[in-house]
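Colleague: Before anything else, here's the structure in question.
Below you can see the structure in the form of structure tokens.
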């Protein structure tokens, strides 16, 4: 039961996409944007419909590399990259940075890295602020084991958009591939000392990595290691000032200590949850159970 609860808590915490399964009171007249609707169709596996919606957006709104990326991922999910290739071949604006990104990403998905790299360079030459192109160029260089060059490109992507977790995650992945897994954490510590806003993005990625390890420990019945993992996550949340993230971490530690048979310690963590969020019903119920 604890494992299921932990999984639910952190699935919600790390995947904060809105749920639209039902209409909530007060939201009867709420209307999704065309982009949100297309992304929701994609998330539900309705790939063909999402592609058509994205096509409408490209006709009526400003094109972006993100829209092309989602379309191509939909075609890939349908195992129909041939249709994607035909779409790009007939695209009416074939010289924009976003078109060149799309061309590069299509070739990247096909494993044709030489053509992909050339297209990403074309995209960047047209707009140096194309973070997705920098990021994917870095991914290709990493595949070619040109790691320092890959790090340079991905850091340029992060400079363009420090709030994009995909870029920071990719940087951490590259450090691991080059055999320097501690380099990311060391950079995080330096960013904290510099009071850099980037520390938040690095911290969130570190939490994701630690969370996976903690769940692995829990699945093997290693409660002490799981607790240590969640304590490490909590420390990072506190360092980057993420109060919202601390709530599920405290609650999970309460559940783990409860399972371990340490009711007093569990109660302390549940009380810390309520100190941040007095309306947390589960924590309140747990305290009543333990009293």
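Numbering (my numbering), first residue to last: 1 to 291. Positions of the beta carbon are idealized from the N, C-alpha and C atoms, including for glycine.
(1) Just the C-alpha distance for residue 213 and residue 229, rounded to the nearest angstrom, thanks.
(2) For residue 134, count neighbouring C-beta atoms within 10 Å of its own C-beta (all shown protein chains included) and say buried if the count is 16 or more, exposed if not.
(3) Just confirm the distance between the C-beta atoms of residue 99 and residue 71, as a whole number of angstroms; I'd bet it's less than 8 Å.
(4) Look up residue 70 in the DSSP assignment and say whether it is helix, strand or coil.
(5) Using a Cβ-Cβ cutoff of less than 7 Å, which residues in the same chain neighbour residue 130 once the five nearest sequence positions on both sides are dropped?
(6) What's the gap between the Cα of residue 242 and the Cα of residue 153?
(7) So, for residue 47: in the same chain, excluding its five sequence neighbours on each side, which residues have a beta-carbon less than 7 Å away from its beta-carbon?
(8) Would you give the residue range spanned by the alpha helix (DSSP H) that residue 172 belongs to?
(9) Would you mind stating whether residue 320 and residue 256 have Cβ atoms separated by less than 9 Å?
(10) What are the boundary residues of the alpha helix (DSSP H) that includes residue 191?
(11) Name the residue from 107, 239, 95, 266 whose alpha carbon lies nearest to the alpha carbon of residue 82.
(12) Could you give the DSSP three-state label for residue 93: helix, strand or coil?
(13) I'd like to check one pair, residue 258 with residue 234: are the Cβ atoms closer than 9 Å?
(14) Keeping to the same chain, check which residues put their C-beta closer than 8 Å to that of residue 147; ignore five residues upstream and five downstream.
(15) For residue 143, count neighbouring Cβ atoms within 10 angstroms of its own Cβ and tell me buried if that reaches 16, exposed if not.
(16) Give the DSSP-derived three-state secondary structure of residue 31 in the structure shown.
(17) Taking Cβ to Cβ, would you say residue 265 is nearer than 9 Å to residue 287?
(18) Quick check on residue 136: buried or exposed, where buried means 16 or more other Cβ atoms within 10 Å of its Cβ?
(19) Taking residue 132 as the reference, give the member of 114, 166, 112, 151 with the closest Cα.
Modeller: Based on what the coordinates show:
(1) Reading the chain shown from its first residue, position 213 is the one you call residue 213. Reading the chain shown from its first residue, position 229 is the one you call residue 229. Whole-angstrom Cα-Cα distance: 7 Å.
(2) Residue numbering aside, residue 134 sits at position 134 when the chain shown is read from its first letter. By the 10 Å Cβ count, residue 134 comes out buried.
(3) Start at 1 with the first residue of the chain shown, and residue 99 comes out as number 99. Start at 1 with the first residue of the chain shown, and residue 71 comes out as number 71. The C-beta distance from residue 99 to residue 71 rounds to 12 Å, too long to meet the 8 Å contact threshold.
(4) As a working mapping, residue 70 is identified with position 70 in the chain shown. Residue 70 carries a helical assignment under DSSP once its states are collapsed to helix, strand and coil.
(5) Start at 1 with the first residue of the chain shown, and residue 130 comes out as number 130. Counting only residues of its own chain and dropping the five nearest sequence neighbours on each side, residue 130 has a CB closer than 7 Å to the CB of 65, 97, 101, 123, 124.
(6) Locating residue 242 in the chain shown gives position 242, where the first residue counts as 1. Locating residue 153 in the chain shown gives position 153, where the first residue counts as 1. Those two C-alpha atoms are separated by around 28 Å.
(7) Counted from its first residue, the chain shown places residue 47 at position 47. Cβ within range, chain order: 74, 77, 78.
(8) What you label residue 172 is simply residue 172 of the chain shown in a count that begins at 1. Per DSSP, the unbroken alpha helix (DSSP H) holding residue 172 starts and ends at 165 to 177.
(9) Past the boundaries of the shown model lies residue 320; the chain is included only from 1 to 291, so the question cannot be answered.
(10) In the chain shown, the residue the question calls residue 191 occupies position 191. Under the DSSP assignment, residue 191 falls in the alpha helix (DSSP H) whose first and last residues are 182 to 193.
(11) In the chain shown, residue 82 corresponds to position 82, counting from 1. Looking at the Cα atoms, 107 is the closest of the given residues.
(12) By one-based count along the chain shown, residue 93 stands at place 93. Here residue 93 sits in coil by DSSP.
(13) The residue you call residue 234 lines up with position 234 of the chain shown. The residue you call residue 258 lines up with position 258 of the chain shown. With contacts defined as CB atoms closer than 9 Å, residue 234 and residue 258 fail to qualify as a contacting pair.
(14) Numbered from 1 along the chain shown, position 147 holds the residue referred to as residue 147. Sequence-distant Cβ neighbours of residue 147 in its own chain, meaning closer than 8 Å and more than five residues away, are 141, 174, 177, 178.
(15) Indexing the chain shown from 1 puts residue 143 at position 143. Exposed, by the Cβ-count rule.
(16) For the purposes of this step, residue 31 is taken as the residue at position 31 of the chain shown. In this structure, residue 31 counts as coil in the three-state DSSP scheme.
(17) The sequence position of residue 265 within the chain shown is 265, counting from 1. The sequence position of residue 287 within the chain shown is 287, counting from 1. With respect to residue 287, residue 265 sits apart: the two C-beta atoms are not nearer than 9 Å.
(18) Walking along the chain shown from the start, residue 136 turns up at place 136. Under this definition residue 136 is a buried residue.
(19) Against the chain shown, residue 132 aligns to sequence position 132. Looking at the Cα atoms, 166 is the closest of the given residues.
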